[in-house]
Amino acid sequence: MTTFLSWGPVALMTLLIFYGLFLYPYIRILRRTGHSGWWVLALLIPGVNLVAIWIFAFVEWPALDRK
Numbered sequence: 009m010t011t012f013l014s015w016g017p018v019a020l021m022t023l024l025i026f027y028g029l030f031l032y033p034y035i036r037i038l039r040r041t042g043h044s045g046w047w048v049l050a051l052l053i054p055g056v057n058l059v060a061i062w063i064f065a066f067v068e069w070p071a072l073d074r075k
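Everything in the sequence shown is counted per our numbering, starting at 9 for the first residue and increasing by one.
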């Protein structure tokens with residue numbers, strides 16, 4: 009019989025793999041556009057993530073203004 013305590017390390021590894029595969033590329037994209045990589049935290053909040061994507065789609069990108 010397994011306990012929920014044994015799922016702790018598996019859940020942690022799954023979470024780290026998720027962050028590495030999905031959030032790290034978003035951080036790189038945000039940095040290339042001239043925004044802070046911390047905006048990726050908005051992608052973790054349901055509802056807020058949709059608003060953040062729309063904001064970044066229509067806001068002026070600082071990286072384009074520098075050129």
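Every residue, glycine too, gets a C-beta built ideally from N, C-alpha and C.
All figures in this text were calculated on a predicted structure; none of them were measured in a lab.
Cutoff 8 Å: residue i Cβ touching any chain C Cβ
| i | result |
| --- | --- |
| D73 | Checking the listed chains, one finds no chain C in this structure; it contains a single protein chain. |
Straight-line gap, residue i to residue j (C-alpha atoms, nearest Å)
| i | j | result |
| --- | --- | --- |
| S45 | L38 | Residue identity check: residue 45 is Gly in the sequence provided, not Ser. Cα-Cα distance, rounded: 6 Å. |
| E68 | R36 | 18 Å |
| G16 | I53 | 22 Å |
| Y32 | N57 | 15 Å |
| L133 | I25 | Since the first residue shown for the chain is 9 and the last is 75, residue 133 is missing from the structure and cannot be characterised. |
| W28 | G55 | For clarity, residue 28 is Gly in the given sequence; the question names Trp instead. Their Cα atoms are separated by approximately 22 Å. |
Cβ separation of residue i and residue j, assumed to be a contact under 8 Å, to the nearest whole Å
| i | j | result |
| --- | --- | --- |
| A71 | G42 | 4 Å |
Nearest to residue i (by Cα), restricted to the options the options
| i | options | result |
| --- | --- | --- |
| L34 | G55, G16, P54 and I61 | Note on residue identity: the sequence assigns Tyr, not Leu, to residue 34. Among G55, G16, P54 and I61, the Cα nearest to that of Y34 is on I61. |
| D73 | Y27, R40 and I25 | R40 |
Self-check item: Cβ pair count under 8 Å reaching 3, the region 15-22 against the region 46-56
Solution: Touching, no.
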